[in-house]
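Participant:
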Amino acid sequence: MAGLTGLAFILRATALDSIPYTLGGDEAWHGLLARQVLHGQLRNPFAMGYMSMPTLFYWPLSWSLRLAGDNMVGLRLPAALAGTITVPILYLFARHLWGRRMALLSAAFLATYDYHIHYSRLGANNIWDPLFVMLVLWALDRGLAGSDKTQQVQSCLLAGLVMGLSVYFYTGARLLPPLVAIYVAFLWVRKRSKQAPVDLSGRRGWHLVLMVVALLVAAGPVLSYAWSHPNEWNARINQVGIIQSGWLAREPGLTGKSTAQILAEQFLRSAGAFHVFPDRTVWYGADRPLLDTLAGIFAVLGMAWAVARWRDRRNFLVLLWFWAVIITGGMLTESPPSSQRLVIAIPAVALLVAIGLEQTATLAGQLLGTKPNRWENLALGLLVLILAVGSVRFYFFEFTPSRRYGSENGETATMIGHYLHDLDGDYQAYFFGAPRIYWNFGTMTFLAPDVPGQDVLEPLDAPPDFAAKGSEDRRAVFLFLPERSGELAWVRQVLPDGRLREFRDAGGRLRFMAYEVP
11 MAGLTGLAFI LRATALDSIP YTLGGDEAWH GLLARQVLHG QLRNPFAMGY MSMPTLFYWP
71 LSWSLRLAGD NMVGLRLPAA LAGTITVPIL YLFARHLWGR RMALLSAAFL ATYDYHIHYS
131 RLGANNIWDP LFVMLVLWAL DRGLAGSDKT QQVQSCLLAG LVMGLSVYFY TGARLLPPLV
191 AIYVAFLWVR KRSKQAPVDL SGRRGWHLVL MVVALLVAAG PVLSYAWSHP NEWNARINQV
251 GIIQSGWLAR EPGLTGKSTA QILAEQFLRS AGAFHVFPDR TVWYGADRPL LDTLAGIFAV
311 LGMAWAVARW RDRRNFLVLL WFWAVIITGG MLTESPPSSQ RLVIAIPAVA LLVAIGLEQT
371 ATLAGQLLGT KPNRWENLAL GLLVLILAVG SVRFYFFEFT PSRRYGSENG ETATMIGHYL
431 HDLDGDYQAY FFGAPRIYWN FGTMTFLAPD VPGQDVLEPL DAPPDFAAKG SEDRRAVFLF
491 LPERSGELAW VRQVLPDGRL REFRDAGGRL RFMAYEVP
């Protein structure tokens with residue numbers, strides 16, 4: 011596990027300033043708000059910030075900017091650490107429920123899984139959800155199934171505190187309390203039928219009460235804000251939820267399909283995110299589903315095994331976890347599958363793949379009549395190695411060079427930001443990017459914080475006054491997207507002595523032009 015954790019960190023923290031190349035607009039805005047924390051401009055960690063996200067997230071982000079560097083590395087390092095820590099936590103969780111071999115299989119898959127690696131390299135808060143769900147479920151089951159009273163109390167308190175802390179990060183973590191409640195209800199029903207391996211009577215019931223109290227204490231400040239500002243608290247859900255946004259009510263009239271047919275299509279697209287349909291967003295944008303073919307086969311086999319034995323609390327928990335995310339983060343939101351809303355399901359997928367691997371090896375060993383601990387372990391090791399090499403190769407050698415993440419505009423803004431950062435001297439930027447890209451995109455400001463800029467919104471039809479006036483203490487640089495390059499002639503009439511530079515992407519396509527005035 012030490013080796014797997016080290017490998018996970020290397021895959022997530024190496025070259026954070028260039029993989030992925032694009033600094034997405036959402037990433038940049040998280041970084042800009044973290045800078046506000048550093049400068050004392052943002053003081054309240056218990057309010058809502060960019061994209062209706064709780065502001066507490068910007069405090070650990072600001073610490074990273076201060077310690078690791080006020081740049082892309084500092085911005086992305088917390089996600090890399092959160093993604094790395096998730097690997098050993100998954101191992102502990104799986105070992106507690108299934109045993110060491112299942113734990114190693116699932117942890118090895120997660121450590122090298124391209125989907126998890128990608129979100130562990132972004133300066134956003136999505137990747138914290140898998141860490142929180144792993145900590146909560148591991149602590150909860152230790153609290154319910156453990157034999158030591160002190161351990162039970164500590165584990166239930168930890169589960170409650172982590173659940174409370176999780177609501178300060180990505181919206182998907184709000185699924186954790188109902189997920190835990192359904193799992194506990196399942197254990198209680200099984201106990202009533204005298205089939206449950208976990209006894210919820212007596213002091214364990216009081217331990218659950220302690221967990222709820224810990225949850226309310228940890229989440230109290232932001233829950234108080236949510237009570238006072240419900241529209242802000244639910245703003246993001248109201249935007250992307252098909253019911254809350256009115257999308258589901260409008261769609262039958264626009265398409266001629268029934269509501270049931272639309273919901274069925276939504277479910278199928280969400281359920282096929284890992285096996286059939288590619289991501290529909292620029293958050294990942296890989297040209298294949300979220301699992302490759304071989305991993306997808308073992309995930310399906312693991313799902314079939316778990317469904318056939320769903321009364322086993324371990325299988326019930328994984329199935330509940332996976333399908334709850336598919337429904338709430340996929341089916342009931344617009345444009346499924348959207349990879350950024352399914353991140354919390356990644357450890358569950360790793361467990362399903364591991365179940366499929368282990369059960370396939372076990373059944374094959376029984377058919378061949380070989381000794382379990384020799385042939386099976388060798389076969390599983392080779393299969394995990396094949397999955398790992400394929401996943402790492404895809405992410406770093408196929409996906410990364412394609413620059414699919416962050417959109418074309420994001421890539422252009424990143425190129426502009428790097429260019430402005432490397433300028434020698436003090437410059438004022440005039441950006442001819444509207445209506446496609448605006449200066450407040452965030453990426454340029456984060457990458458080049460010392461270069462003030464402004465949009466030139468209306469197309470020029472005469473020499474601009476602002477170019478003639480210039481700036482007393484700064485040089486001027488005029489940035490043109492290709493579709494507005496014709497306006498360069500008007501600027502040159504006023505400032506004829508500038509230097510024109512063209513910037514093209516790896517494919518040779520012109521992305522922007524810069525006219526530097528001495």
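In terms of our numbering, the sequence shown is residues 11 to 528.
Ideal Cβ placement from N, Cα and C applies to all residues, glycine included.
Owing to the predicted nature of the structure, the values given are computational and were not obtained by experimental measurement.
(1) Note down the Cα distance separating Q350 from F142, rounded to an integer number of angstroms.
(2) What distance in whole Å lies between the Cβ atoms of S74 and P88, which are believed to be in contact at a cut-off of 8 Å?
(3) Can you tell me the Cβ-Cβ gap for T181 and V402, rounded? I've got them flagged as a contact below 8 Å.
(4) Terminal residues of the continuous beta strand (DSSP E) containing Y440?
(5) Quick check: D471 and F441, are their CB atoms within less than 8 Å of each other?
(6) Taking C-alpha atoms, which residue in D36, T422, L154, G79 lies nearest to L26?
(7) Considering Cα atoms alone, identify which of W331, K267, Q369 is closest to L311.
(8) In this structure, how does DSSP classify F490 when only helix, strand and coil are distinguished?
(9) Return the chain-ordered ranges of every alpha helix (DSSP H) run that is complete within the region 271–318 and spans a minimum of 4 residues.
(10) With distances taken from CA atoms, which of A92, A57, T455, R521 is nearest L71?
(11) Given W148, which residues of its chain have a CB within under 7 Å of its CB, disregarding the five upstream and five downstream residues?
(12) Considering L393, what are the terminal residues of the alpha helix (DSSP H) in which it resides?
(13) Taking C-alpha atoms, which residue in L185, E242, W449 lies nearest to L489?
(14) So, for I336: in the same chain, excluding its five sequence neighbours on each side, which residues have a beta-carbon less than 6 Å away from its beta-carbon?
(15) In this structure, what does DSSP give as the bridge partners for A524?
(16) Shortest alpha-carbon distance to D352 belongs to which of L361, G339, T303?
(17) Between which two residues does the beta strand (DSSP E) harbouring Q51 extend?
(18) Should R111 be labelled buried (16 or more other beta-carbon atoms within 10 Å of its own) or exposed?
(19) Taking the beta carbon of N135 as the centre, do at least 16 other beta carbons fall within 10 Å, making it buried, or is it exposed?
(20) Taking the alpha helix (DSSP H) that Q376 belongs to, which residues open and close that run?
(21) Could you tell me if P528 is buried or exposed, where buried requires 16 or more neighbouring beta carbons within 10 angstroms of its beta carbon?
(22) According to the neighbour-count rule (16 or more other Cβ atoms, all chains shown, within 10 Å of its Cβ), is S348 buried or exposed?
(23) Closer than 6 Å by C-beta to G34: which residues in its own chain qualify, once you throw out the five before and the five after it? Chain order, please.
(24) Measure the alpha-carbon distance for M61 versus R246 and round it to whole angstroms.
(25) Please list, in chain order, all residues of the same chain as G435 whose beta carbon is under 8 Å from its beta carbon, the five residues on each side excluded.
(26) Can you give the Cα-Cα distance for W385 and L114, rounded to whole angstroms?
(27) Just the Cα atoms here: how many angstroms apart are W198 and I192?
(28) Between which two residues does the alpha helix (DSSP H) harbouring Q164 extend?
(29) For A364 versus F119, is the C-beta distance shorter than 8 Å?
(30) Under the rule that 16 or more other beta-carbon atoms within 10 Å means buried, what is Q162, buried or exposed?
(31) For G170, which residues of its own chain have a beta-carbon under 6 Å away from its beta-carbon, when the five flanking residues on both sides are left out?
(32) Give a yes or no on whether the C-beta atoms belonging to F284 and F196 are separated by under 8 Å.
(33) Have a look at I354 and S116 and give me their C-alpha separation to the nearest angstrom.
(34) Can you look up D151 in the DSSP assignment and give me helix, strand or coil?
(35) Just to confirm my understanding: we take A309, look at its own chain, exclude 5 residues before and 5 after, and list those with CB closer than 7 Å. What are they?
(36) Do V501 and P474 have their CB atoms nearer than 8 Å?
Facilitator: Result, derived from the coordinates:
(1) Within the sequence shown, the letter at position 340 stands for residue 350. Within the sequence shown, the letter at position 132 stands for residue 142. Approximately 16 Å between the Cα atoms of the pair.
(2) As a first step, residue 88 is located in the sequence shown; it is residue number 78 there, counting from the start. As a first step, residue 74 is located in the sequence shown; it is residue number 64 there, counting from the start. Right, the Cβ-Cβ distance comes to about 5 Å (below 8 Å), so this counts as a contact.
(3) By one-based count along the sequence shown, residue 181 stands at place 171. By one-based count along the sequence shown, residue 402 stands at place 392. Between V402 and T181 the Cβ distance is about 29 Å, and since that is not below 8 Å, they are no contact.
(4) By 1-based counting over the sequence shown, the position of residue 440 is 430. Unbroken beta strand (DSSP E) run through Y440: 437–442.
(5) Reading the sequence shown from its first residue, position 461 is the one you call residue 471. Reading the sequence shown from its first residue, position 431 is the one you call residue 441. Contact: no.
(6) Looking up residue 26 in the sequence shown gives position 16. The residue with the shortest Cα to Cα distance from L26 is G79.
(7) Residue mapping note: residue 311 aligns to position 301 of the sequence shown, counting from 1. Minimum Cα distance to L311 is reached at Q369.
(8) Counting from 1 along the sequence shown, the entry for residue 490 is found at position 480. Under the three-state reduction of DSSP, F490 is assigned to strand.
(9) 303–318
(10) Counted from its first residue, the sequence shown places residue 71 at position 61. Answer by Cα proximity: A92.
(11) Counting from 1 along the sequence shown, the entry for residue 148 is found at position 138. Closer than 7 Å at the Cβ level, and outside the excluded window around W148, lie I99, L102, F103, H106.
(12) Your numbering for residue 393 matches position 383 in the sequence shown. From DSSP, the alpha helix (DSSP H) with L393 extends over 387–403.
(13) One-based indexing of the sequence shown puts residue 489 at position 479. Checking every option, the nearest Cα to that of L489 belongs to W449.
(14) Reading the sequence shown from its first residue, position 326 is the one you call residue 336. The residues are S280, A281.
(15) In the sequence shown, the residue the question calls residue 524 occupies position 514. In the DSSP output, where bridge partners are listed per residue, A524 has L489, R511.
(16) Taking the first residue of the sequence shown as position 1, residue 352 is located at position 342. First, the amino acid is wrong: residue 352 is Leu here, not Asp. It is G339.
(17) Translated into positions along the sequence shown, residue 51 becomes position 41. It is not in any beta strand (DSSP E) - Q51 carries neither H nor E in the DSSP assignment.
(18) Looking up residue 111 in the sequence shown gives position 101. Its Cβ being crowded by 16 or more others within 10 Å, R111 is buried.
(19) For the purposes of this step, residue 135 is taken as residue 125 along the sequence shown, with counting starting at 1. The residue is buried, with at least 16 neighbouring Cβ atoms inside 10 Å.
(20) If you number the sequence shown from 1, residue 376 lands on position 366. Segment 356–378, the alpha helix (DSSP H) holding Q376.
(21) Here residue 528 corresponds to residue number 518 of the sequence shown, with the count starting at 1. P528 is exposed by the Cβ-count criterion.
(22) Within the sequence shown, residue 348 is the residue found at index 338, counting from 1. Buried.
(23) Walking along the sequence shown from the start, residue 34 turns up at place 24. Correct list, in chain order: G416, G420.
(24) The residue given as residue 61 occupies position 51 in the sequence shown. The residue given as residue 246 occupies position 236 in the sequence shown. Going from the Cα of M61 to the Cα of R246 covers about 7 Å.
(25) One-based indexing of the sequence shown puts residue 435 at position 425. Same-chain partners within the cutoff: R485.
(26) As a position in the sequence shown, residue 385 is number 375, starting the count at 1. As a position in the sequence shown, residue 114 is number 104, starting the count at 1. Each residue's Cα considered, the two are about 17 Å apart.
(27) Position 188 of the sequence shown, counting from 1, holds the residue named residue 198. Position 182 of the sequence shown, counting from 1, holds the residue named residue 192. W198 and I192: Cα-Cα distance of roughly 10 Å.
(28) Residue numbering aside, residue 164 sits at position 154 when the sequence shown is read from its first letter. Counting along the chain, the alpha helix (DSSP H) containing Q164 begins and ends at 159–176.
(29) The residue labelled residue 364 in the question sits at position 354 within the sequence shown. The residue labelled residue 119 in the question sits at position 109 within the sequence shown. Yes, the pair counts as a contact, with Cβ atoms nearer than the cut-off.
(30) Sequence index remark: in the sequence shown, residue 162 carries index 152 (1-based). Buried, by the Cβ-count rule.
(31) The count along the sequence shown starts at 1 and reaches residue 170 at position 160. Same-chain partners within the cutoff: M221, A224, L225.
(32) What you label residue 284 is simply residue 274 of the sequence shown in a count that begins at 1. What you label residue 196 is simply residue 186 of the sequence shown in a count that begins at 1. Taking 8 Å as the Cβ cut-off, F284 and F196 do not qualify as a contacting pair.
(33) Locating residue 354 in the sequence shown gives position 344, where the first residue counts as 1. Locating residue 116 in the sequence shown gives position 106, where the first residue counts as 1. Between I354 and S116, the C-alpha separation is close to 15 Å.
(34) Start at 1 with the first residue of the sequence shown, and residue 151 comes out as number 141. Correct three-state label for D151: helix.
(35) As a working mapping, residue 309 is identified with position 299 in the sequence shown. Within the same chain, and ignoring the five residues on either side of A309 in sequence, the residues whose Cβ sits closer than 7 Å to its Cβ are F284, L301, V359, L362, V363, G366.
(36) Numbered from its first residue, the sequence shown carries residue 501 at position 491. Numbered from its first residue, the sequence shown carries residue 474 at position 464. In this structure, P474 lies closer than 8 Å to V501 by Cβ.
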